[in-house]
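Protein chains in written order, with the working numbering: chain A, 67 to 199; chain B, 16 to 306.
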């Protein structure tokens with residue numbers, strides 16, 4: 067299997083740095099997969115899940131809440147707003163966040179609708195990804 | 016002349032102070048280490064984002080985003096980063112002096128309006144007492160620094176800038192050079208400029224853009240600003256602990272010196288008292304012998 071270098075960076079740390087076989091990301095125009103020798107691309111990423119196939123055949127799932135991916139000459143950089151591995155997700159916290167967002171949406175508090183909706187999608191995404199192991 | 020008891024009391028008091036300053040120094044040192052680690056681990060993201068923006072930004076595109084356009088400046092937002100707490104030497108004084116100088120000697124003579132955004136309680140108190148115009152503040156963020164703080168501060172600035180509340184944002188903060196050295200830096204935050212040494216180089220690679228180059232730039236710029244604000248907050252935080260550590264170290268040394276000189280005075284006074292007593296006993300004995 068041909069591998070390429072993958073770096074995932076979040077504001078607080080270098081979250082992932084290794085050679086991998088493939089990565090699947092939630093692009094704005096739909097999910098896509100990057101393999102060895104992928105053409106140069108820059109894409110915005112949505113809230114969703116990242117799937118990585120490592121060299122030793124493992125599949126890792128991560129929850130991402132938006133970001134950017136840059137692919138250039140078999141070097142892939144993902145700039146993620148936040149990133150959690152599926153088994154690191156705090157499901158209780160995510161569930162609470164979902165509840166809170168739902169409540170806020172019911173109250174129809176005009177100012178915060180966009181924020182509450184974003185929080186809701188993030189929370190639901192975390193819950194969904196945490197069920198993938 | 017102080018009595019023996021007074022001096023003893025004084026020594027005890029200074030010793031107590033020394034204990035406190037020593038403890039504070041230790042706490043600051045521990046927190047400084049964590050703050051330093053944070054600064055270092057925030058670097059890759061900031062570097063990657065500004066690198067990417069630099070890479071993708073072509074001349075024609077730089078005219079399309081308002082965050083990049085320099086407009087005629089009428090009102091300037093001055094962002095001042097101080098600490099929430101005192102006892103950190105000249106850390107706050109220096110930064111406030113610089114901010115006042117910027118306002119009084121540069122903005123006002125140029126007939127520019129200004130307003131202040133204070134991050135940290137000390138600066139807020141300082142400017143409020145002196146009746147400067149303050150439009151916003153973020154107090155208590157340094158207690159537990161989170162990326163979301165940087166997020167909310169930068170989004171407040173972006174929306175204010177886009178609304179036209181101000182035409183330029185300047186940040187004054189302490190940059191962390193080393194544990195014993197902080198440097199006051201004045202940085203233009205908005206509009207974004209890439210002239211500080213990073214030359215905009217045109218990319219020759221043909222990227223595929225999803226959804227499009229302009230949309231990507233538009234979404235990258237706010238992220239760039241967030242990561243810059245995050246970096247600034249972390250730098251200031253690390254500088255604060257560095258300054259506090261140095262200040263407390265000095266205070267401990269001073270306390271030690273003071274204790275030493277007080278002990279000498281104390282011993283001199285004790286000796287004098289003993290000599291006086293012996294003299295009294297001897298002269299008393301002589302007097303009774305001759306009687």
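Backbone N, C-alpha and C define an ideal beta-carbon position, used for all residues, glycine too.
According to the neighbour-count rule (16 or more other Cβ atoms, all chains shown, within 10 Å of its Cβ), is residue i buried or exposed?
i, result
"residue 279 of chain B", "exposed"
"residue 41 of chain B", "exposed"
"residue 192 of chain A", "buried"
"residue 147 of chain A", "buried"
"residue 108 of chain A", "buried"
"residue 298 of chain B", "exposed"
"residue 103 of chain A", "exposed"
"residue 68 of chain A", "exposed"
"residue 259 of chain B", "buried"
"residue 174 of chain B", "exposed"
"residue 121 of chain A", "exposed"
"residue 159 of chain B", "exposed"
"residue 138 of chain B", "buried"
"residue 92 of chain B", "buried"
DSSP state of residue i, grouped into three classes?
i, result
"residue 156 of chain B", "coil"
"residue 81 of chain B", "coil"
"residue 121 of chain B", "helix"
"residue 35 of chain B", "helix"
"residue 209 of chain B", "coil"
"residue 259 of chain B", "helix"
"residue 115 of chain A", "strand"
"residue 50 of chain B", "helix"
"residue 303 of chain B", "helix"
"residue 103 of chain A", "coil"
"residue 222 of chain B", "coil"
"residue 141 of chain A", "strand"
"residue 90 of chain B", "strand"
"residue 127 of chain B", "coil"
"residue 168 of chain A", "helix"
Closer than 8 Å by beta-carbon distance: list the chain B residues that pair up with residue i, in chain order.
i, result
"residue 141 of chain A", "Within 8 Å Cβ-Cβ: nothing; residue 141 of chain A doesn't reach chain B, min ~11 Å."
"residue 93 of chain A", "225"
"residue 171 of chain A", "Those within 8 Å of residue 171 of chain A in chain B number zero; the least Cβ separation is about 20 Å."
Please list, in chain order, the chain B residues whose beta carbon lies closer than 9 Å to that of residue i.
i, result
"residue 189 of chain A", "Within 9 Å Cβ-Cβ: nothing; residue 189 of chain A doesn't reach chain B, min ~15 Å."
"residue 105 of chain A", "221, 222, 223"
"residue 72 of chain A", "Result: empty, since nearest Cβ-Cβ is about 13 Å, beyond 9 Å."
Along chain B, in chain order, which residues have C-beta atoms closer than 7 Å to that of residue i?
i, result
"residue 108 of chain A", "71, 222, 224, 231"
"residue 77 of chain A", "57, 60, 162, 242, 245"
Do residue i and the ligand FMN come close, with the Cβ less than 7 Å from some heavy atom?
i, result
"residue 109 of chain B", "The ligand FMN is absent from the structure shown, which contains no ligands of any kind."
Measure the C-alpha to C-alpha separation of residue i and residue j and round it to an integer number of angstroms.
i, j, result
"residue 189 of chain A", "residue 81 of chain A", "20 Å"
"residue 100 of chain B", "residue 155 of chain B", "9 Å"
"residue 106 of chain B", "residue 154 of chain A", "39 Å"
"residue 189 of chain B", "residue 27 of chain B", "37 Å"
"residue 246 of chain B", "residue 68 of chain B", "17 Å"
"residue 286 of chain B", "residue 102 of chain B", "39 Å"
"residue 261 of chain B", "residue 194 of chain B", "8 Å"
"residue 24 of chain B", "residue 162 of chain A", "57 Å"
"residue 116 of chain A", "residue 129 of chain A", "6 Å"
Name the chain A residues whose beta carbon is nearer than 7 Å to that of residue i?
i, result
"residue 63 of chain B", "75, 143, 145"
Determine the chain A residues that contact residue i at a beta-carbon separation under 9 Å, and present them in chain order.
i, result
"residue 248 of chain B", "Correct list: empty, because the minimum Cβ distance to chain A is about 11 Å."
"residue 67 of chain B", "108, 134, 136, 143, 145"
Give the residues of chain A in contact with residue i, contact being defined as C-beta atoms less than 8 Å apart.
i, result
"residue 234 of chain B", "110, 134"
Inset, instruction - Determine contact between the segment 133-144 of chain A and the segment 88-97 of chain A, defined as no fewer than three beta-carbon pairs at a distance below 8 Å. - result: Cβ pair count under 8 Å is three or more, so yes.
Legend entry - Contact between the segment 244-252 of chain B and the segment 40-56 of chain B (3+ Cβ pairs under 8 Å): At 8 Å Cβ cutoff, the stretches touch.
Inset, instruction - For the segment 146-163 of chain A and the segment 67-83 of chain A, state whether three or more C-beta atom pairs, one from each stretch, are separated by less than 8 Å. - result: Yes: the two stretches touch, three or more of their Cβ pairs being nearer than 8 Å.
Legend entry - the segment 151-166 of chain B contacting the segment 116-135 of chain B, beta-carbon criterion three pairs below 8 Å: The count of Cβ pairs closer than 8 Å, one atom from the segment 151-166 of chain B and one from the segment 116-135 of chain B, reaches three, so the stretches are in contact.
Inset, instruction - Report yes or no: do the segment 109-122 of chain B and the segment 63-82 of chain B share at least 3 C-beta pairs separated by less than 8 Å? - result: No, because fewer than three Cβ pairs between the segment 109-122 of chain B and the segment 63-82 of chain B fall closer than 8 Å, the two stretches do not touch.
Legend entry - Cβ pair count under 8 Å reaching 3, the segment 264-282 of chain B against the segment 196-207 of chain B: A contact between stretches requires three or more CB pairs, one per stretch, nearer than 8 Å, and the segment 264-282 of chain B fails this requirement with the segment 196-207 of chain B.
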